[in-house]
Structure formats: structure tokens, C-alpha cells
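Visitor: The structure's right below; bear with me while I get my questions together.
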Amino acid sequence: MKHTAANIDHNNAVISIRGLEKSFGDYDVLRGIDLDLYQGENLVVLGRSGTGKSVLIKLISGLLRPDKGSIKVLGNDVLMLSTKELQELRIRIGFSFQNSALYDSMTVRKNLEFPLVRNRKGITRGEIDNAVETVLDAVGLSQTINQMPSELSGGQRKRIGIARTLILNPEIMLYDEPTAGLDPITCIEINDLINEVQQRYHTSSIIITHDLTCAKSTGDRIAMLLDGQFQRVGKFDEVFATDDERVKPFFDYNFIQ
Ligand SMILES: Nc1ncnc2c1ncn2[C@@H]1O[C@H](COP(=O)(O)OP(=O)(O)OP(=O)(O)O)[C@@H](O)[C@H]1O
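Under UniProt numbering, the first residue of the sequence shown is numbered 1, with each subsequent residue one higher.
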């Protein structure tokens, strides 16, 4: 079970979605999504491949427009924002995506400086150095500051990718399959890091994963996408207390029953 007691404000939804629908041609991917992400909460989104998890993230970040429904993020109606306002909103969201690769030709320090220099005009050298050292310490990799990405393990690269996101002090974190392709021990480290980020940065997070160990150890709540809707939402044990043949195989496969 999740081992950190989270400080969640259930009166404050940082993401609020109602009646969201999205189709591509004849395929109705999302068929009426309702979802609240509360301040301080880690919410895990589970679902089979192709059920629309990435589409949901793209709708939340304004990269796709829905056919129906509303999306509020940090008090903003995403569908009403101008391009510039959307860009400003996205800076407040940290994206930890599988393909958010590090720049191979830059040291860890330069990789971490990059988003700061681009997004914080007028920032001083001292402030940059301070921010880099703080996020590296947060992900436990201070010693790698002058290394190249090719000298790091997969787990270390993942941590630096998360540090690069944290450097802009995001209010919301979106993790897309954070443990994919990592060995079990590194997975545990990444799960712990997600929980530490929640505690230390007071972020609210959506974590998309197929890894139920990750779901169990990071999720304050689990939302399972079934047939285009969140049909099972709750604590980990509640979500899996069912004989539903769409749900059981997830559990059985992950825990070898
Ligand atoms: N721009 C697009 N145009 C047409 N179809 C799309 C588009 N984006 C997504 N789809 C379709 O929507 C469905 C949901 O895709 P999505 O990438 O959200 O799945 P997913 O749940 O994230 O899957 P996975 O776990 O494999 O990453 C898929 O059938 C996909 O082909």
C-alpha cells in the first residue's frame, strides 16, 4: 500500500473534467469522462492499450480539443484559452513522458538549465545554479551534475528527466508510464521518487501506468478507464475487489495469481 500519508485538499480540484467525449472517425475513444484531481493528490489512471489515456492527457494540456465536455485546469477553462494563455498554463504543468529524452550532447547541468533559461527571462546565474543543485538533490543525483546522459543508467536518466520538469516548480505533474522499461528495483526507486515529489513539492499528479506495483505504491486513488469511461474509481483494493473480467486480468497478470 501507499506508504506516505498525503496532504490532500478535497475542496480544491486542480483538474476538473465533466462529460468529456472524444472520437476519431467511428471510434468513440472517450465517452463521457468525469474526473477531479484534488490538490496534493496522486491519481493513477489505468487502462488497456488504446483506451485513450494519452488522448486524455492531450485534452487536459490543450493539445487536442474534445467533441463535448469541459476541462478546468488550475481554475482555467482550457477550451477558452488563447494559444499564449495555454502556453502559460503548460509551464505550470510538469510533463514526465517516456519520450521526454535528455539532450545527449549536453551535461546533466546544461539539460537542467535549459527549461529555466527558456522560460524564466532575467534569471541570474546564481539563481540557476541554486535551482539546479536543489532539483538534483531532490532526485538524489547531485554527483551526476557534470556527467553526460550516456554515462547514466536508465533509472538515473528517468530521475534527471523528472528533475528537469521539477525545476520550473510545477503545480501539477503528469507522469506517462514512469516505470516502463525499468528493472524492478529501479521501479521501486521511481515510485518512491514520485511520492517524495508529492511531499516535497506539494504537487498534484496524474500517473498513467500499467504497472500495478507503481499504482499501489503511488496512487492515493485509482481511476480505471473501461469502455471510454472511468467506471472504477477508488482506493487500490476497492478498484480490484471485483470479478469484472475487464479488471481481473490486470491484477492477475501483475501479481501472478
Ligand atoms: N490523432 C489521432 N487520430 C486518430 N486516432 C487517434 C489519434 N490519437 C489517438 N487515436 C486513437 O485513439 C485511441 C486511444 O489512443 P491513446 O494513445 O490515447 O491510447 P493509450 O490508452 O494511451 O494507449 P497505450 O497504453 O498503448 O499508450 C487509439 O485507438 C488511437 O489509435
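By construction, the Cβ of each residue, glycine as well, lies at the ideal position given by its N, Cα and C atoms. These numbers were taken from a predicted model, which means no experiment stands behind them.
Below 6 Å, is the gap between the Cβ of PHE24 and the nearest heavy atom of ligand 1?
Guide: yes
Visitor: Measuring alpha carbon to alpha carbon, tell me which of THR83, ILE17, ASN169 ends up nearest VAL73.
Guide: ILE17
Visitor: Under the criterion of a Cβ to heavy atom distance below 6 Å, does VAL55 qualify as lining ligand 2?
Guide: For the structure depicted, ligand 2 is absent and the ligand set comprises only ligand 1.
Visitor: Closer than 6 Å: is that where the CB of THR51 sits relative to any heavy atom of ligand 1?
Guide: At least one heavy atom of ligand 1 lies less than 6 Å from the C-beta of THR51.
Visitor: Nearest to LEU182 by alpha carbon, out of HIS202, SER204, THR209?
Guide: Relative to the Cα of LEU182, the nearest Cα in the group HIS202, SER204, THR209 belongs to THR209.
Visitor: Does ligand 1 have a heavy atom nearer than 6 Å to the CB of VAL29?
Guide: yes
Visitor: Beta-carbon separation of ALA101 and VAL139 under 7 Å?
Guide: no
Visitor: Identify which residue in ILE167, ILE190, PRO184 has its Cα closest to the Cα of ILE93.
Guide: ILE167
Visitor: Span of the beta strand (DSSP E) holding ARG31?
Guide: 27-39
Visitor: When burial is assigned at 16 or more other CB atoms within 10 Å of the CB, is THR218 buried or exposed?
Guide: buried
Visitor: Rank VAL135, SER96, ILE145 by C-alpha distance to the C-alpha of THR107 and give the top, closest one.
Guide: ILE145
Visitor: Pull the bridge partners of TYR175 from the DSSP assignment, please.
Guide: SER96, ILE207
Visitor: To the nearest angstrom, report how far apart LYS121 and PRO115 are at their CA atoms.
Guide: 11 Å
Visitor: Compute the Euclidean distance between the alpha carbons of ALA13 and ASP36, then round it to the nearest angstrom.
Guide: 6 Å
Visitor: Mind checking whether LEU193 and ILE57 have CB atoms under 7 Å apart?
Guide: no
Visitor: So, under 8 Å CB-CB, ILE86 and GLY62 are touching, yes? Tell me the CB distance rounded to an integer number of Å.
Guide: A small fix is needed here, since residue 86 is Leu in this sequence, not Ile. Between GLY62 and LEU86 the Cβ distance is about 4 Å, and since that is below 8 Å, they are a contact.
Visitor: Excluding the 5 residues preceding and the 5 following LEU59 in the sequence, name in chain order all residues of the same chain whose CB lies nearer than 7 Å to its CB.
Guide: LEU20, LYS22, PRO66, ILE71
Visitor: Just how far apart, CA to CA, sit ASP176 and LEU79?
Guide: 23 Å
Visitor: Give the DSSP bridge partners of LEU64, in chain order.
Guide: DSSP output for LEU64 lists no bridge partner at all.
Visitor: Quick check for students: name the residue ranges of the beta strand (DSSP E) that lie wholly in the region 177-202, counting only runs of 3 or more.
Guide: none
Visitor: Which residue from ARG31, TYR201, SER205, PRO170 puts its Cα closest to that of CYS178?
Guide: Looking at the sequence shown, residue 178 is not Cys but Pro. Here the closest residue by C-alpha is SER205.
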